[in-house]
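Below is one structure, written out as structure tokens; the observations come after it.
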Amino acid sequence: MATSELHDSAVRVLSAAFLDDPVLSWAFPDRQTRPTALNLVLAAFLRNGRLRTIEDGDRLRAVAVWCSPAEHEVPAPDQPDPVLIPHLGRLAELGRLLDDRYPGDADHRYLRVIGVGPKDRGRGYGGALLAEGLAECDAAGLPAYLEASAPRNAALYARHGFRPYGPPIQLPDGPELFPLWREPAPKITNRTESRP
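Numbering-wise (UniProt numbering), the sequence shown opens with residue 1 and increments by one.
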């Protein structure tokens with residue numbers, strides 16, 4: 001896929017994946033305007049960091065964006081789209097709460113977003129994409145950080161070695177976010193001893 005086509009496809013996959021996400025539903029409570037708002041916000045998520053995807057056939061199935069600490073902030077537009085204006089207060093509060101917990105002092109990789117299209121869930125695409133990113137972290141000796149938006153997601157990440165990074169983040173009149181941290185897996189060295 002060409003870069004702009006890949007970007008557009010990635011936004012579509014993520015928007016479908018997060019349409020009913022508890023945190024983004026809190027940020028954008030109007031279900032009619034939520035898809036447009038998600039497209040705008042998720043497009044911004046792709047502006048920096050490393051985009052990883054899984055394609056099967058001619059379709060994009062799963063998307064992840066990994067960031068270094070220097071890339072973790074989502075670039076804000078100079079002029080927000082009118083669809084976002086009613087939600088700027090909640091977006092600012094969400095950003096503040098996430099920044100307050102973000103482990104900026106430690107070198108690591110931040111999984112900003114990972115999503116699988118609704119029709120492709122349960123087929124292992126998300127787990128494969130996560131495992132690939134974590135293998136890169138392990139090879140570089142870097143920990144990984146993310147915020148899970150639901151207890152079910154936090155449990156999935158726990159199976160990949162993530163542990164709570166402090167208590168959950170409580171959104172005002174909304175759901176909790178679960179900050180999670182994963183230390184890199186120890187390096188395994190194959191050594192053979194020479195015997196005389």
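Here a beta-carbon is modelled for each residue, glycine too, at the ideal position from N, C-alpha and C.
Predicted model only: the values in this text are computed from it and were never measured.
Same chain only: Cβ atoms within 8 Å of residue 242, ignoring 5 sequence neighbours per side: For residue 242 there is no data in the structure shown, the boundaries of the chain being 1 and 196.
Inter-residue Cα distance where the pair is PRO22 and PRO175: In the sequence shown, residue 22 corresponds to position 22, counting from 1. In the sequence shown, residue 175 corresponds to position 175, counting from 1. Straight-line Cα distance between these residues: approximately 6 Å.
Pair within 7 Å by beta-carbon distance, PRO82 and GLY141: Looking up residue 82 in the sequence shown gives position 82. Looking up residue 141 in the sequence shown gives position 141. Result no, Cβ atoms of PRO82 and GLY141 do not sit closer than 7 Å.
Nearest to SER149 (by Cα), restricted to the options GLU71, ARG112, ALA62, TYR125: Indexing the sequence shown from 1 puts residue 149 at position 149. Among GLU71, ARG112, ALA62, TYR125, the Cα nearest to that of SER149 is on ARG112.
Boundaries (first-last residue) of the beta strand (DSSP E) holding PHE18: In the sequence shown, counting from the first residue as 1, residue 18 sits at position 18. Here PHE18 belongs to no beta strand (DSSP E), and DSSP marks it neither H nor E.
Endpoints, alpha helix (DSSP H) assigned at PHE45: As a working note, residue 45 is residue 45 in the sequence shown. Element bounds for PHE45: 34-45.
Where ASP58 falls: helix, strand or coil (DSSP): Position 58 of the sequence shown, counted from the start, is the residue given in the question as residue 58. Note: ASP58 maps to coil in three-state DSSP.
Whole-angstrom distance between VAL74 and LEU38, CA atom to CA atom: Looking up residue 38 in the sequence shown gives position 38. Looking up residue 74 in the sequence shown gives position 74. If I take the Cα positions, the gap works out to 14 Å.
Sufficient close CB pairs (3 or more, under 8 Å) joining the stretch 46-65 to the stretch 6-19: yes
Counterpart residues of THR3 in DSSP-defined beta bridges: The sequence position of residue 3 within the sequence shown is 3, counting from 1. Per DSSP, none; premise fails for THR3.
Same chain, Cβ closer than 8 Å to THR3, neighbours up to 5 away in sequence not counted: As a first step, residue 3 is located in the sequence shown; it is residue number 3 there, counting from the start. Excluding residues within five positions, none has a Cβ falling inside 8 Å.
Backbone CA spacing between ALA27 and ARG90 [nearest angstrom]: Mapped onto the sequence shown, residue 27 falls at position 27. Mapped onto the sequence shown, residue 90 falls at position 90. Going by the C-alpha atoms only, they are around 6 Å apart.
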